[in-house]
Amino acid sequence: MLGMVLTAGGARGAYQAGVLKRIGELRSLRGRPSPFAIIAGASAGAINGAMIAAASGDFASGTHRLAELWSDLSVDDVFRADVLALGCGSMRWVRDLALGGLLGGGSVQSLLDATPLRAHIAAHLPLEGIGQAIRDGHLYAVAVSATSYHSGKSYTFIQGKAGHPLWLKSRRVALAVQLTLDHVLASAAIPIVFAPVLVRSEVGECYYGDGGLRLVTPFSPAIRLGATRLFAVGIRCQGAADALTRAELHVGEESHGGLESIGRPPLAQICGVFLNAIFLDHLDADLDHLRRMNDLLSANGHRPSARRNRGVSMQEPMRRVEPFVLSPSADLAIIAAAFAHKMPRAIRYVMDGLGTPNAQSADLMSYLLFDSSYTRALIDVGYNDAGARIDEIEEFLVQH
5 MLGMVLTAGG
15 ARGAYQAGVL
25 KRIGELRSLR
35 GRPSPFAIIA
45 GASAGAINGA
55 MIAAASGDFA
65 SGTHRLAELW
75 SDLSVDDVFR
85 ADVLALGCGS
95 MRWVRDLALG
105 GLLGGGSVQS
115 LLDATPLRAH
125 IAAHLPLEGI
135 GQAIRDGHLY
145 AVAVSATSYH
155 SGKSYTFIQG
165 KAGHPLWLKS
175 RRVALAVQLT
185 LDHVLASAAI
195 PIVFAPVLVR
205 SEVGECYYGD
215 GGLRLVTPFS
225 PAIRLGATRL
235 FAVGIRCQGA
245 ADALTRAELH
255 VGEESHGGLE
265 SIGRPPLAQI
275 CGVFLNAIFL
285 DHLDADLDHL
295 RRMNDLLSAN
305 GHRPSARRNR
315 GVSMQEPMRR
325 VEPFVLSPSA
335 DLAIIAAAFA
345 HKMPRAIRYV
355 MDGLGTPNAQ
365 SADLMSYLLF
375 DSSYTRALID
385 VGYNDAGARI
395 DEIEEFLVQH
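Here the sequence shown is numbered in my numbering, starting from 5 and rising by one per residue.
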């Protein structure tokens with residue numbers, strides 16, 4: 005089965021919408037069901053994945069509506085950016101940090117109030133379409149991952165065809181559910197920035213946050229559900245990442261006496277690296293791991309029986325999984341820096357207090373800039389990136 009993996013973060017999810025919009029224009033898919041039998045998403049990728057899953061009966065229409073949703077987005081659709089909301093939030097932070105020891109803390113759960121996002125997603129995400137797509141045979145399963153703030157485990161909530169796989173690992177749990185708005189919003193709740201979301205399930209009522217936080221193997225849910233081919237959309241520009249590494253190595257070569265030549269990073273830059281560690285690094289690492297496993301199986305003649313002959317029981321037989329990953333050709337942080345003036349004045353004031361990172365490390369802005377000017381720019385980048393490789397993508401999607 006063909007699976008799709010979407011693990012974005014915040015506003016960068018617009019890039020995925022652009023990629024999917026271009027794929028939806030393929031003549032071979034026009035007026036046809038989605039080619040993806042399995043969809044696995046986390047963070048903003050959970051929103052995108054749920055929307056595509058709900059529109060599995062008409063893939064082109066679903067991708068078009070997804071791109072429109074991101075194109076018309078504004079900060080007010082996602083979180084409150086007015087002075088009153090930010091002022092009240094700041095007062096609660098000051099109270100907890102300064103007087104929490106005397107008055108009791110814990111009143112603050114997030115930096116921003118993301119209550120507008122619930123109404124916005126509820127108005128545009130027809131979750132009932134997921135069940136219909138499964139009944140019609142257009143979709144096998146959709147998986148949405150979130151992080152439990154009680155146990156710290158990664159929970160994958162799966163709505164799929166009866167009898168789909170489930171698993172219980174030391175740090176990963178899969179539950180069969182009928183997906184609700186809470187599951188999707190919990191997966192997209194960026195840690196610290198957005199508040200945890202209460203989700204009711206068979207394990208009880210627990211608070212969950214961003215799915216990318218503990219999902220260190222983002223390919224895993226789709227593979228465990230039976231995917232043999234995986235199409236994934238990344239949000240890291242590899243060229244930009246390589247350029248930063250070369251710059252650091254060059255500074256190291258030029259420095260004398262061990263003196264530090266790169267300036268001390270402001271808090272905004274540290275926060276950006278923190279979010280990168282959640283949203284960017286896991287997909288790259290898991291892709292490397294998947295390729296190594298494929299090489300191992302090829303070297304072993306693709307016969308896992310060798311392990312069984314040595315008395316080792318294999319509960320999950322290994323198989324080759326063919327990946328196709330599309331990543332941005334442009335640095336999304338640089339694009340965000342160009343549109344930073346679009347952020348509401350009150351938010352800019354707060355972010356200025358965190359310091360000004362260098363442009364290529366301005367990742368914090370790239371996750372929080374939910375403005376149509378920025379999201380449309382990302383949609384265009386994703387659309388053009390997919391267009392540049394559209395023949396390869398089509399061949400990968402339609403092969404049997």
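We put the CB at the ideal spot given by N, CA and C, even for glycine. All figures in this text were calculated on a predicted structure; none of them were measured in a lab.
Cβ distance (whole Å) where residue i is taken to contact residue j below 8 Å
| i | j | result |
| --- | --- | --- |
| residue 330 | residue 390 | 6 Å |
| residue 153 | residue 213 | 6 Å |
| residue 219 | residue 46 | 5 Å |
| residue 223 | residue 170 | With a Cβ gap of about 17 Å, residue 223 and residue 170 do not count as contacting. |
| residue 26 | residue 387 | 5 Å |
| residue 71 | residue 351 | Going by Cβ atoms, the distance from residue 71 to residue 351 rounds to 25 Å, so no, they are not a contact pair. |
| residue 123 | residue 150 | That belief does not hold up - the Cβ atoms of residue 123 and residue 150 are roughly 20 Å apart, past 8 Å. |
| residue 146 | residue 164 | 7 Å |
| residue 336 | residue 376 | The pair is not a contact, with the Cβ atoms about 16 Å apart (cut-off 8 Å). |
Distance between residue j and residue i (C-alpha atoms, nearest Å)
| i | j | result |
| --- | --- | --- |
| residue 161 | residue 183 | 7 Å |
| residue 252 | residue 342 | Confidence at residue 252 is low in this model, with a pLDDT of 49, below 50, so the placement of that residue should be treated as unreliable; the coordinate-derived value is given next. Taking the straight line from one Cα to the other gives about 24 Å. |
| residue 115 | residue 199 | 8 Å |
| residue 87 | residue 121 | 18 Å |
| residue 397 | residue 188 | 27 Å |
| residue 211 | residue 63 | 33 Å |
| residue 394 | residue 139 | 30 Å |
| residue 280 | residue 5 | 30 Å |
| residue 326 | residue 304 | 17 Å |
| residue 54 | residue 134 | 8 Å |
| residue 271 | residue 8 | 35 Å |
Own chain residues within Cβ distance below 8 Å of residue i, not counting five before or after
| i | result |
| --- | --- |
| residue 392 | 333 |
| residue 136 | 61 |
| residue 374 | 14, 15, 77, 78, 79, 81, 82, 83 |
| residue 33 | 27, 39, 63, 64, 401 |
Spatial neighbours of residue i in its chain, beta-carbon cut-off 7 Å, leaving aside the 5 residues before and after
| i | result |
| --- | --- |
| residue 206 | 179 |
| residue 290 | 221, 222, 223 |
Spatial neighbours of residue i in its chain, beta-carbon cut-off 6 Å, leaving aside the 5 residues before and after
| i | result |
| --- | --- |
| residue 275 | 368 |
| residue 3 | Limits of the chain in this structure are 5 at one end and 404 at the other, which puts residue 3 out of reach. |
| residue 401 | 39 |
| residue 118 | 83, 198 |
| residue 192 | 47, 48, 50, 51 |
| residue 381 | 339 |
| residue 233 | 6, 326 |
| residue 128 | 73 |
| residue 195 | 213, 214, 217 |
| residue 30 | 398 |
Neighbour flag for residue i against chain C, beta carbons, 9 Å
| i | result |
| --- | --- |
| residue 70 | Chain labels in this structure do not include chain C; a single protein chain is all it has. |
Count the CB pairs spanning the region 71–90 and the region 16–30 that are closer than 8 Å, and state whether there are at least three. yes
Cβ pair count under 8 Å reaching 3, the region 40–48 against the region 221–236: yes
Ignoring anything shorter than 3 residues, give me the beta strand (DSSP E) runs that lie fully in the region 23–87, in order along the chain. 42–46
Taking 8 Å as the threshold, find out whether the region 279–296 comes into contact with the region 232–240 through three or more Cβ pairs. yes
Please give the ranges of any beta strand (DSSP E) in the region 162–225, keeping only runs that are unbroken, at least 3 residues long and fully inside the region. 176–180, 201–205, 208–213
In chain order, which continuous runs of the alpha helix (DSSP H) of length 4 or greater are located wholly inside the region 320–354? 336–342
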